[in-house]
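**Student:** Chains as they are written, first to last, in the working numbering: chain A, 122 to 258; chain B, 12 to 413. All C-beta atoms, glycine included, are put in the ideal place defined by N, C-alpha and C. Structure provided below as structure tokens; questions to follow.
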């Protein structure tokens, strides 16, 4: 428990006080860049491939997160309620499942850095060497 | 493990003070390593091969009379609009899945029914093959027919969705996706059979074959569908109007070929939500051939999406129903075949209110005219003894997906 709280304390230290721009991050072995449309397609179940052909694993911040709202405002143009309605249709028609959700920028970086083919988004100020920025929408 | 991670922010508030004091680069690096190690554990422990989702609806509806439009009368109970569904998605292999959806409806005393039960296989990224029990894809909203949360309305427009009693089939389909830069085309072919107790009686469709095409640029969606089948239809509900000692020929179709055609279009730019479908049903014999259409226009204002809709249904083969269905003057039961006709228009105004992601409330008022021109899909008993030409249906519904 103590270790966990230390880790989260650390993640807090690198968190910005004010929110900067959201950036799209990828696994270090993934492509170096991606277009906004390609990112949109990955997050709206229209595609499941990265530009280099490998299977993509997108991650989302949890609903209500301001970075998530900023990302979707810029990339998919949908708010949380619209996303929920969209995914309920995908799920109950057997077309797919929404991306796995993470609870913090630190968890997002940890998932993306440890999952080949993954893609995620964080606040620019949270970027570190564990992940690479592949798009600034 | 996941719970601990979720609880951590709480602990953080307590520990933050002391931790910030010793925030050297060494500590950070060590913690990063620990975090990575933990993440690996989380990843490996996570079981993605089984997922459960569900949806739920409840509500009240009341009509201004007992005509029974959409099954709603003056005394409709909460149970009639209530349903709960649980869907399990099981990854069999990397490319194969089994999907099972159970729906319990208040109207059926919550007895669970299997609506989806299929195996799907994706040999390539763009091709999907499925076999099992699935929704029959006549309409734009067929696949999510009962998922109220994914629909803008309190109920799918009855002008188009009402005349077709069949919702599921057992068979197989193949779906191919052509992805273009900013649009996609989906081609789906399906075949199978169905045997259901529909709204008017027993309906059996054999050797179903159909194709549907959907093109979308993610704002506009255009859809076309054509299907054919051999139909057996027995209007058992009409038969129930007379004592069992009297024989009535309630067979409306006996192996005749039925055809279904539909086109649909929708526009959704995030603010405006415009949906329209036009359908045609053709079947030799007494069963009504119908043309139907609706147009629905909605607009999002934050969490509110008010809509207006108009629908129309008309039977095209009235000359096939000139006789009498039941003719027992001695008992005062004379039922003309023309009761199977449709000449109906309906007008709806309503709104969807997204309370929170996953939960929406809908309110709807629908006015229907032309009921006296044909009683198909209505409460026949009431219509035969009353001179009713219109009805108003008031609905409040809560839809949720989880």
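Can you name the start and end residues of the beta strand (DSSP E) that residue 145/B belongs to?
**Tutor:** Within the second chain, residue 145/B is the residue found at index 134, counting from 1. From DSSP, the beta strand (DSSP E) with residue 145/B extends over 138 to 146.
**Student:** By alpha-carbon positions, which one of 282/B, 322/B, 173/B and 346/B ends up nearest to residue 333/B?
**Tutor:** Locating residue 333/B in the second chain gives position 322, counting from the first residue. Among 282/B, 322/B, 173/B and 346/B, the Cα nearest to that of residue 333/B is on 346/B.
**Student:** Helix, strand or coil for residue 399/B per DSSP?
**Tutor:** Translated into the one-based positions of the second chain, residue 399/B becomes position 388. Note: residue 399/B maps to coil in three-state DSSP.
**Student:** Say whether the region 227 to 243 of chain A touches the region 143 to 150 of chain A, bearing in mind that this needs 3 or more beta-carbon pairs closer than 8 Å, one atom from each stretch.
**Tutor:** yes
**Student:** Quick one: does residue 201/A have its CB under 8 Å from some CB of chain B?
**Tutor:** In the first chain, counting from the first residue as 1, residue 201/A sits at position 80. Output row for residue 201/A: interface = yes.
**Student:** Taking all protein chains shown into account, do 16 or more other C-beta atoms lie within 10 angstroms of the C-beta of residue 44/B, making it buried, or fewer, making it exposed?
**Tutor:** For the purposes of this step, residue 44/B is identified with residue 33 of the second chain, where counting begins at 1. Exposed: under 16 other Cβ atoms inside 10 Å.
**Student:** Identify the contact partners of residue 167/A in chain B, using a Cβ-Cβ distance below 8 Å as the criterion.
**Tutor:** As a working mapping, residue 167/A is identified with position 46 in the first chain. Simply 190, 195 and 229.
**Student:** Answer with buried or exposed for residue 193/A, where buried requires no fewer than 16 other C-beta atoms within 10 angstroms of its C-beta.
**Tutor:** If you number the first chain from 1, residue 193/A lands on position 72. Buried, by the Cβ-count rule.
**Student:** Which partner residues of residue 129/B appear in the DSSP bridge assignment?
**Tutor:** For the purposes of this step, residue 129/B is taken as the residue at position 118 of the second chain. DSSP output for residue 129/B lists 110/B and 143/B as bridge partner(s).
**Student:** May I ask you to report which of helix, strand or coil DSSP gives residue 250/B?
**Tutor:** Position 239 of the second chain, counted from the first residue, corresponds to residue 250/B. Helix, per DSSP.
**Student:** Give the DSSP bridge partners of residue 305/B, in chain order.
**Tutor:** The residue labelled residue 305/B in the question sits at position 294 within the second chain. For residue 305/B, which the question treats as bridged, DSSP gives the partners 288/B and 322/B.
**Student:** Please name the residue or residues paired with residue 215/B in a DSSP beta bridge.
**Tutor:** Position 204 of the second chain, counted from the first residue, corresponds to residue 215/B. Answer by DSSP bridge pairing, in chain order: 206/B and 243/B.
**Student:** Can you tell which of 96/B, 125/B, 99/B and 133/B has its C-alpha closest to the C-alpha of residue 106/B?
**Tutor:** The residue labelled residue 106/B in the question sits at position 95 within the second chain. Of 96/B, 125/B, 99/B and 133/B, the residue nearest in Cα terms is 133/B.
**Student:** Use the C-beta contact count for residue 165/B: other C-beta atoms within 10 angstroms, 16 or more gives buried, fewer gives exposed.
**Tutor:** In the second chain, counting from the first residue as 1, residue 165/B sits at position 154. Buried, by the Cβ-count rule.
**Student:** Below 8 Å, how does it come out for the region 165 to 179 of chain B and the region 347 to 360 of chain B: are there three or more Cβ pairs, yes or no?
**Tutor:** yes
**Student:** Taking a Cβ distance cut-off of 9 Å, strictly less, list which residues of the region 237 to 255 of chain B are near chain A, in chain order.
**Tutor:** none
**Student:** If we call anything under 8 Å between Cβ atoms a contact, is residue 98/B one with residue 131/B?
**Tutor:** Position 87 of the second chain holds residue 98/B. Position 120 of the second chain holds residue 131/B. Contact: no.
**Student:** Less than 8 Å separating the beta-carbons of residue 207/B and residue 177/B?
**Tutor:** Working through the second chain from its first residue, we reach residue 207/B at position 196. Working through the second chain from its first residue, we reach residue 177/B at position 166. For residue 207/B and residue 177/B, yes; Cβs fall inside 8 Å.
**Student:** How many Å lie between residue 251/B and residue 283/B at the Cα?
**Tutor:** Here residue 251/B refers to the residue found at position 240 when the second chain is read from its first residue. Here residue 283/B refers to the residue found at position 272 when the second chain is read from its first residue. C-alpha separation (whole angstroms): 46 Å.
**Student:** Answer yes if the region 211 to 223 of chain B comes into contact with the region 175 to 193 of chain B, meaning at least three C-beta pairs across the two stretches below 8 Å, and no otherwise.
**Tutor:** yes
**Student:** Using the three-state DSSP reduction, which class does residue 229/A fall into: helix, strand or coil?
**Tutor:** If you number the first chain from 1, residue 229/A lands on position 108. DSSP places residue 229/A in helix when its eight states are reduced to three.
**Student:** Please confirm if residue 365/B has its CB atom under 8 Å from at least one CB of chain A.
**Tutor:** Counted from its first residue, the second chain places residue 365/B at position 354. Yes, its Cβ sits closer than 8 Å to a Cβ of chain A.
**Student:** Specify, as a first and last residue, the run of the beta strand (DSSP E) that residue 98/B falls within.
**Tutor:** Numbered from its first residue, the second chain carries residue 98/B at position 87. Residue 98/B -> beta strand (DSSP E) spans 94 to 102.
**Student:** Counting along the chain, where does the alpha helix (DSSP H) carrying residue 194/A start and finish?
**Tutor:** Within the first chain, the letter at position 73 stands for residue 194/A. Start and end: 187 to 196.
**Student:** Taking only beta carbons into account, state which residues of the region 66 to 88 of chain B come closer than 7 Å to chain A, listed in chain order.
**Tutor:** 66
**Student:** List, in chain order, every chain A residue whose beta-carbon is nearer than 7 Å to that of residue 178/B.
**Tutor:** Taking the second chain and counting its residues from 1, one reaches residue 178/B at position 167. Those do not exist, as residue 178/B stays about 14 Å from chain A at its closest Cβ, beyond 7 Å.
**Student:** Would you check if the distance between the CB atom of residue 297/B and the CB atom of residue 351/B is smaller than 8 Å?
**Tutor:** The residue given as residue 297/B occupies position 286 in the second chain. The residue given as residue 351/B occupies position 340 in the second chain. Against a cut-off of 8 Å, the Cβ pair of residue 351/B and residue 297/B comes out as a contact.
**Student:** Which residues in the same chain as residue 154/B place their Cβ atom closer than 6 Å to its Cβ, once the five residues preceding and following it in sequence are excluded?
**Tutor:** In the second chain, the residue the question calls residue 154/B occupies position 143. Result list for residue 154/B: 146, in chain order.
**Student:** Closer than 6 Å by C-beta to residue 251/A: which residues in its own chain qualify, once you throw out the five before and the five after it? Chain order, please.
**Tutor:** Taking the first chain and counting its residues from 1, one reaches residue 251/A at position 130. Taken in chain order, the residues that qualify are 230 and 234.
**Student:** So residue 72/B is in the alpha helix (DSSP H); what residue range does that whole segment cover?
**Tutor:** Along the second chain, one-based indexing puts residue 72/B at 61. That residue, residue 72/B, is in no alpha helix (DSSP H); its beta strand (DSSP E) goes 61 to 74.
**Student:** Around the C-beta of residue 215/A, are 16 or more other C-beta atoms found within 10 angstroms, so that it is buried, or is it exposed?
**Tutor:** As a working mapping, residue 215/A is identified with position 94 in the first chain. By the neighbour-count rule (16 or more Cβ atoms within 10 Å), residue 215/A is buried.
**Student:** Would you kindly work out how many angstroms separate the C-alpha atoms of residue 229/B and residue 194/B, rounded to a whole number?
**Tutor:** One-based indexing of the second chain puts residue 229/B at position 218. One-based indexing of the second chain puts residue 194/B at position 183. Rounded to whole angstroms, residue 229/B to residue 194/B spans 7 Å at the Cα level.
**Student:** Rounded to whole angstroms, what's the CA-CA distance from residue 258/A to residue 245/A? Just pull it up for me.
**Tutor:** On the first chain, position 137 is the one that residue 258/A refers to. On the first chain, position 124 is the one that residue 245/A refers to. Taking the straight line joining both Cα atoms gives about 11 Å.
**Student:** Can you list, in chain order, the residues of its chain whose CB lies under 6 Å from that of residue 319/B, leaving out five sequence neighbours each side?
**Tutor:** Sequence index remark: in the second chain, residue 319/B carries index 308 (1-based). Answer for residue 319/B: 308 and 360, listed in chain order.
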